[in-house]
Structure formats: structure tokens, C-alpha cells
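I have placed the structure first, in the form of C-alpha cells, so that the comments after it can refer back to it.
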Ligand code: SF4
Ligand code: MG
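Residue numbers (my numbering): 82 to 417.
Following this line, the structure appears as C-alpha cells:
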């Protein structure tokens, strides 16, 4: 199948003290129709910057796409004008965020906010839009939908607000939903319900989803394919089953140890020692994970690993695998 979204060698920069630094460095991936792709990594790895790039929602004058292409249904939307993007955003591609309270406007009713999205893209009467918003709230499992449309965001629980956000996001039946940490602010039970809801809606609407999370446990619940990002780059890519059967990259191995277990105290959760290098201090060569990697070798500081297929349909960028060595690095090692 042709991809719905094709990101090619994306470079997104942030301006710091008048200079641009890439927070996303050469990221490429496809999202096929009806596929759920998980993007996982700690905060500061470029996941959110990558999704804001797709939506062209980077902070004005600070964030900028500096290279690459973002093809949606075959069109490069990275060069679209604001006006062109406005006609796509909320209609063909929607986004939901971690904290619904910051995306919902406290002074307008739930119904008004959903209907605003609908009326922005479709030629309906207010009455028709109201009927649609009630139906949408029912679809996302909100009880007493006729009543809720007249209420304000603060009158709802966090889980209910996230359901409202999902209703808004799917109001115009988008082909792609980008969900950035959609369950992070919610407690574990509600988190599971929201993931189940997203999965159900994906199936019912034939939608694709990019699910961004720092939690591999969330990925395991609903994703088909996973991209692991570290310091602005993709370091591993695999089908979910393959990733959980045997992660290839040392960073992914450590992320897996950090998945919360139901029977363990969250306080004792394994964390990965050290910090993601900041964009201004990115090592110019070598592996960006080297300063934290328990398997690092001397070459990891001088040779930059390339993302390559290291097993069937399973890619990693790590010098533990012959395939990840760049051609010139290999020659250097063999003393040619
Ligand atoms: Fe660790 Fe080296 Fe692999 Fe990087 S390239 S993940 S430092 S072993
Ligand atoms: Mg983020």
C-alpha cells in the first residue's frame, strides 16, 4: 500500500541565541493507511518537535523545518502556506495533546468547541453541528452527551476531557490522528480506557494514528509498528511483536526495563542514568547515546552508526551490528 504519510529526511531546527540547532536530525518513516505507529523515547528526544513539524505548529520564529519532505497523500505539506495548512489541520490530520485543559478553552461550552471545528471545515447549520457533536460524544463513550455539550471543561474529569479532545479530533473524520502523550496525565485505569477507545475509533473510522509516548508499555497496547527516537534520530524501528521479542538497540533495552509493572511500586521504576544530550551540545560524530550506553565501545565516539536492517524488517542504528557501520567507518576499522 502507498503510505498515507511519508516523512523523508526531516530536519527541524530550533533557534537558540540566534543560531539554529537541529532537534530532529534526518528522520524518515512512513505511516500506512489504518496503521498505528508508536514513537517512543524520553522527553527531549525530538518526538514532539517531529509531530509539530508535520502539523506546521512549530513556535513562530523559533522552530523551523530546515530540510526534508513531509508527504501527505503524495503532496509535500512541509511547504504549504498557513492557509493551505488550515484547510488540512483538524480535517485531514488532527492532533491531541497530553493535557486537555490547555487545549480546551475554559470559557466556551464543550458543544461550542466541537461545533467550531465542524463548522470550520464543513457547510452545516448550527443545529446539524450540534447533532453531530452529541453523536461524537456518544461515540467516545461520554454518558449524558446531550447534557455535556452545554457544560464547561472544568466540570469534567481529566479522563472525560481527554475523551472530549478525541471527539474534537475525529469530528471531521481525519485520515491521520497524531496523539502526543495522550494518556500521560491520566491514572492507569483511565489510561487503559483511553487507549482502548483510540484503538476502537481507529478501526471504526479507518484512521491512521501516530502515537507519541515515553512509555513502551503504552506502545505495546495498541501499536503495529514502533520507532524509537534518541537525541533527534530514529535509533530502532520494528513491528511491535519483534521489538518486544528482542530489542536490538541498547537504548530500547533500557527503555524496556523502565516499563512500569502492575505489581511493582512505581517509585522503584528503573530509570536510565544520565541525560539526553541537549541540542546545543550534540556530539558532531559518533553515537549520541555513547555517554549513557552500557555497551559502548571506543569506536562509538568516532563512528556514527547508520539506521540499517539488522534482522528481518527490524532496523537499528548501533555499532554492535555490522550493518550499522558506515562504509567509510568500516574501511577505517579494517585499516584499508
Ligand atoms: Fe551503545 Fe555504541 Fe551501540 Fe551507541 S553504537 S548504542 S554507544 S554500542
Ligand atoms: Mg514531548
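Think of the CB as a built atom: it goes at the ideal place given N, C-alpha and C, for glycine as much as any other residue.
* Leaving out five residues on either side along the sequence, give the residues of the same chain with a beta carbon under 7 Å from the beta carbon of residue 129. => As a first step, residue 129 must be located in the chain shown, where it is residue number 48. Once the five neighbours on either side are set aside, the close Cβ partners of residue 129 are 261 and 293.
* Asked: Thinking C-alpha only, which one of 322, 246 and 207 is nearest residue 302?
  -> Numbered from its first residue, the chain shown carries residue 302 at position 221. For the residues 322, 246 and 207, the minimum Cα distance to residue 302 belongs to 322.
* Asked: CA-CA distance, residue 390 and residue 111?
  -> Walking along the chain shown from the start, residue 390 turns up at place 309. Walking along the chain shown from the start, residue 111 turns up at place 30. Between residue 390 and residue 111, the C-alpha separation is close to 16 Å.
* **Run of the beta strand (DSSP E) containing residue 310, from where it starts to where it stops** => Start at 1 with the first residue of the chain shown, and residue 310 comes out as number 229. Residues 306 to 311.
* Would you call residue 310 buried or exposed, if buried means 16 or more other Cβ atoms sit within 10 Å of its Cβ? -> As a first step, residue 310 is located in the chain shown; it is residue number 229 there, counting from the start. The residue is buried, with at least 16 neighbouring Cβ atoms inside 10 Å.
* **Residue closest to residue 387, alpha-carbon to alpha-carbon, out of 172, 316, 237 and 82** => Sequence index remark: in the chain shown, residue 387 carries index 306 (1-based). Considering only alpha carbons, the answer is 316.
* Of all the options 394, 399 and 395, which has the alpha carbon lying nearest to the alpha carbon of residue 382? -> Counting from one through the chain shown, the residue named residue 382 turns up at place 301. Closest by alpha carbon: 399.
* Whole angstroms is fine: what's the gap from residue 168's alpha carbon to residue 194's? => In the chain shown, counting from the first residue as 1, residue 168 sits at position 87. In the chain shown, counting from the first residue as 1, residue 194 sits at position 113. One C-alpha to the other measures close to 17 Å.
* Asked: Going by the CB atoms, is the gap between residue 363 and residue 312 shorter than 8 Å?
  -> On the chain shown, position 231 is the one that residue 312 refers to. On the chain shown, position 282 is the one that residue 363 refers to. Yes. Within cutoff.
* Consider the C-beta atom of residue 376 and the heavy atoms of the ligand SF4; say whether any pair is separated by less than 7 Å. => On the chain shown, position 295 is the one that residue 376 refers to. Yes, the Cβ of residue 376 comes within 7 Å of a heavy atom of the ligand SF4.
* Asked: residue 100 to residue 373, Cα distance in whole Å?
  -> For the purposes of this step, residue 100 is taken as residue 19 along the chain shown, with counting starting at 1. For the purposes of this step, residue 373 is taken as residue 292 along the chain shown, with counting starting at 1. Going by the C-alpha atoms only, they are around 27 Å apart.
* With DSSP run on the structure shown, which of helix, strand or coil describes residue 330? -> For the purposes of this step, residue 330 is identified with residue 249 of the chain shown, where counting begins at 1. Coil at residue 330, not helix or strand.
* **Where residue 189 sits in the DSSP three-state scheme** => Translated into the one-based positions of the chain shown, residue 189 becomes position 108. If DSSP states are grouped into helix, strand and coil, residue 189 belongs with coil.
* Thinking just about the alpha-carbon of each residue, which of 102, 201 and 254 is nearest to the one in residue 175? -> Looking up residue 175 in the chain shown gives position 94. That would be 254, whose Cα lies nearest to the Cα of residue 175.
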